[in-house]
Amino acid sequence: MVLSVSSLLSTVVVLLLFTLPSSPKPEFIFTPLKESHIQAVVICSKELGIHLRIRSGGHDYEGLSYVSEIERPFSVVDLAKLRSIRIDIEDNSAWVQAGATNGELYYRISEKSKTHGFPAVAKTLEQGATKILYKWQQVADKLDEDLFIRVYVQTANTSNEGKRTITTSYDCIETNWINSTVYLDGFPNNTLPEVFLERRNLLKTYFKGKSDYAREVIPETALEGLWEKLLEVESPLVILTPYGGMMSKIPESQTPFPHRKGTKFKILYWSRWQDAEENVAKHIDWTRKVYKFLAPYVSKSPREAYVNYRDLDLGMNKNRSTSVEEASAFGTKYFKDNFYRLVHVKTEVDPDNFFRHEQSIPPLPLHMRGRN
């Protein structure tokens, strides 16, 4: 059976902004059934001079796995059929093929281990939400390792003639670990973990997200200013994810992920809309405005960002010849000093920069290779 690119894209794309007619579309979508098929696609792509994008689990805030703004023509390799997972509890490791979703991984881990965790108490401004959130910040990274309290900040209507207000919701429902991941993924609290095997995505909408990391408590006056910004759009969302615990015990240099000791919490600024005809610029500008407003209260030099909340506002590669210096504009925000170590890894495994996108890590230029 032969399917059109447009019909296949509807199953691949999560961020609906990239389904619009104005968005660049791939020439082909390949769905390999075994690893050798990927080799064939890479060889074919090189011979034809067609740029290649790789879609794995589908978590992509800027559509970089299925859209190319800087190189055309391009094709997509969808790894959805390559998603086997092997869990080894004895040596505390897992082997996961790239096409697996986080949910599928969580489910397979839960089959082997029933480790417990904690995934809602909601407060409005009228109920002291600002003071409670201020106090939460002071303990967010110091809570017991078995206690995880994430904060959702949204708008809500009050009973007073539909007037809008701010509500802060604190997840504190005792549950086992796998059910907490279902809940945190956006499903109702009583949803069975098997929903992860359906590869459903609740984020199939139009949205823009940006991220920050806080190392100090954000003062109440700044929180009150943030509330004013939230009331400017219809469906804003700010999520504060606490760190500390095991996150602080692992040294920054041990893995590429550097946001460790000293980080109180991660912040996601998120705006979504349902209608393709809606004022897109309004929502995107709102996230940028909130990001700018909180600049004095978050990490600095660099202003850190979460790589899984890709944000092209932080900088972009121009083309295949983008320099390390240019890429460091966003690379050091995602990886801090680990970015430069990743550049050396990239130089070793992909010196020709075949696998690339708007925010990929570039290899060293030829004249710098071989140096320490």
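With mature numbering (1 follows the signal peptide of the UniProt record, and there is no 0) applied, the sequence shown covers -24 to -1, 1 to 348. Heads up, the beta-carbon is just placed ideally off N, CA and C, and yes, glycines get one too.
Proximity of residue i and residue j at Cβ, strictly below 7 angstroms
i	j	result
A74	S44	no
L216	I243	yes
L186	T263	The sequence given here has Lys at residue 186, not Leu. Their beta carbons are under 7 angstroms apart, which means K186 touches T263 by this criterion.
A198	F241	no
L206	T131	yes
L290	K309	yes
I260	K139	no
V158	Y146	no
F172	Y83	yes
V53	I30	yes
P(-1)	A116	no
Residue i, buried or exposed, once every other Cβ within 10 Å from all chains shown has been counted against 16
i	result
E80	buried
S299	exposed
R236	buried
E334	buried
residue 371	The structure shown does not extend to residue 371, since the chain is modelled only from -24 through 348, so no value can be given for it.
H343	exposed
E170	exposed
D120	exposed
E196	exposed
D36	buried
I5	buried
I337	buried
I154	buried
E23	exposed
P(-4)	exposed
L168	exposed
V321	exposed
R296	exposed
S12	exposed
P227	exposed
M(-24)	Bear in mind that a pLDDT of 39 at M(-24), under 50, signals an unreliable position, so the model cannot answer this.
N293	buried
D164	In the sequence as displayed, the identity of residue 164 is Pro instead of Asp. Exposed.
T325	With the sequence shown as reference, residue 325 is identified as Val, and Thr is not the correct amino acid for it. Label assigned to V325: exposed.
A16	exposed
S229	exposed
Q113	buried
E280	buried
A252	exposed
Contacts around residue i, its chain only, beta-carbon distance under 6 angstroms, and the 5 residues preceding and following it disregarded
i	result
Y273	I194 and A198
E38	R286 and L288
P327	P339
P278	T308 and K309
residue 360	Lying before the first or after the last residue shown, residue 360 is absent from the chain, which here runs from -24 to 348.
L55	S32, A74 and G75
S21	L28
S275	Y189 and R191
V209	S247 and W262
Neighbourhood of residue i by C-beta distance below 8 angstroms, restricted to the same chain and skipping five residues each side
i	result
T323	P339, L340 and R345
I142	T100, L101, A105, V129, Q130, T131, A132, W203, L206 and L207
K107	E196
A305	L290 and G291
G238	R191 and S224
Own chain residues within Cβ distance below 7 angstroms of residue i, not counting five before or after
i	result
P232	F311, N314 and L318
L9	K57
I26	E3, P49, F50 and S51
A76	G33, R59 and I61
G307	F315 and I337
I63	A70, R84, I85 and K88
I14	P8 and V53
A303	N293, I337 and P338
Would you check if the segment 215 to 232 and the segment 247 to 256 touch, i.e. whether three or more CB-CB distances between them fall below 8 angstroms? no
Using a Cβ distance threshold of 8 angstroms, determine whether the segment 63 to 78 contacts the segment 44 to 53, with at least three qualifying pairs required. no
Segments of 3+ residues assigned as beta strand (DSSP E) that fall wholly inside the segment 228 to 315: 241 to 249
Fully enclosed by the segment 179 to 234, which beta strand (DSSP E) runs are 3 residues long or longer? 182 to 190 and 212 to 218
In chain order, each alpha helix (DSSP H) run of at least 4 residues that lies wholly inside the segment 47 to 89: 78 to 88
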